[in-house]
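Peer 1: My questions all concern the structure below.
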Amino acid sequence: MYPSDISDKEWEILEPYVAQGAIGRPRKHDIRACNKIYNERRLSVENAAKRFSAMENSKRNGRQKSNTVCWNNRQSISKNDSKRGSRGYDAGKKIKGRKRHIIVDTLGLVVTADVHSAGVQDRDGALALLIKAKRKTLTLQRFFADQGYTGELQKRCFLKTGCLLTIAKKDPEAEGFQVIPKRWIVERTFAWLSNFRRMSKDYEHSPLTSKTNIFFNMITVMLNKLAT
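Sequential numbering from 1 applies to the sequence shown in UniProt numbering.
Okay, structure coming up:
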């Protein structure tokens, strides 16, 4: 057993969401579903995340099964120059690589995500994600975002999704560091994801693989929360 292996209690929660493979002769030994989980990650972890969704965590934490509020944010990540694949330059943060865009619920659990070139403007990358989040969660009524999303995006979000996009702003009269309301929720999610080795930087050739890693690692986070 390794520290990264899921416990028996976590496996009891996950097992109903993992499709059963072909049944052959009975095995002599109890073999864990390592290959099955690896293939889910390699082929389509997002589909597995749909079966084992954040709604299960919300329900067990005493919240309603339907989400009405979500928070949108992005994270610029450096990329190894020796790696191939799409990448760009974020002039604001002066980072060459890609951006992770995520939308989380009020518990900080990922609703939807995307990975694209760092050269894509925040507002351009956010709109498609907001539309996707609304399609996945029809009960959504409001999104929160930081000041990087101020402007035309608020109007376009309402026209495309019917949801309000509220910008969390700093107090203009206050000095020094300020805790922006609700922003800590999504920043905490980025901190959870950064604890995973393959999420510390972008090591992947394909942005789709990077996106898959987000869902794969969030399943681990949710399992840990459900089992404790």
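Ideal placement from N, C-alpha and C gives every residue a C-beta, glycine not left out.
Alpha carbon to alpha carbon, how far is residue 225 from residue 5? Give it in angstroms, no decimals.
Peer 2: Going by the C-alpha atoms only, they are around 15 Å apart.
Peer 1: According to DSSP, what are the bridge partners of residue 95?
Peer 2: Beta-bridge pairing links residue 95 to 90.
Peer 1: According to DSSP, is residue 202 helix, strand or coil?
Peer 2: Correct three-state label for residue 202: strand.
Peer 1: On the three-state DSSP scale, how would you describe residue 5?
Peer 2: In the structure shown, residue 5 sits in coil (DSSP, three-state: anything other than H, G, I, E or B).
Peer 1: With distances taken between CB atoms, is the gap from residue 95 to residue 118 smaller than 8 Å?
Peer 2: Yes; because the gap between Cβ atoms is below 8 Å, this pair is in contact.
Peer 1: Could you tell me whether the Cβ atoms of residue 115 and residue 211 are closer together than 8 Å?
Peer 2: Cβ distance < 8 Å, so residue 115 and residue 211 count as in contact.
Peer 1: Based on Cα-Cα distance, which residue from 138, 108, 197, 151 lies nearest to residue 126?
Peer 2: When each option's Cα is compared against that of residue 126, the closest is 151.
Peer 1: Does DSSP put residue 228 in a helix, a strand or coil?
Peer 2: The answer is coil: DSSP assigns residue 228 none of H, G, I, E or B.
Peer 1: Measure the alpha-carbon distance for residue 90 versus residue 188 and round it to whole angstroms.
Peer 2: Distance between the alpha carbons of residue 90 and residue 188: 22 Å.
Peer 1: Compute the Euclidean distance between the alpha carbons of residue 120 and residue 174, then round it to the nearest angstrom.
Peer 2: So the alpha carbons of these two residues sit roughly 31 Å apart.
Peer 1: Express the C-alpha separation of residue 180 and residue 132 in angstroms, rounding to a whole number.
Peer 2: C-alpha separation (whole angstroms): 25 Å.
Peer 1: Report the rounded CA-to-CA distance for residue 185 versus residue 19, giving the unit in angstroms.
Peer 2: Cα-Cα distance, rounded: 32 Å.
Peer 1: Starting from residue 19 and walking both ways along the alpha helix (DSSP H), at which residues does that stretch end?
Peer 2: No alpha helix (DSSP H) contains residue 19, which DSSP labels as neither H nor E.
Peer 1: Distance, Cα to Cα, residue 113 vs residue 101?
Peer 2: Going by the C-alpha atoms only, they are around 6 Å apart.
Peer 1: With DSSP run on the structure shown, which of helix, strand or coil describes residue 185?
Peer 2: Note: residue 185 maps to helix in three-state DSSP.
Peer 1: Taking the alpha helix (DSSP H) that residue 123 belongs to, which residues open and close that run?
Peer 2: Counting along the chain, the alpha helix (DSSP H) containing residue 123 begins and ends at 122-136.
Peer 1: Nearest to residue 140 by alpha carbon, out of 122, 165, 147?
Peer 2: The shortest Cα separation from residue 140 among 122, 165, 147 belongs to 165.
Peer 1: Which residues in the same chain have their Cβ closer than 8 Å to the Cβ of residue 194, if we skip the five residues on either side of it in sequence?
Peer 2: Hits under 8 Å: 200.
Peer 1: Pick out whichever of 86, 146, 163, 177 has its Cα sitting closest to the Cα of residue 134.
Peer 2: Taking only the C-alpha atoms, the option nearest residue 134 is 163.
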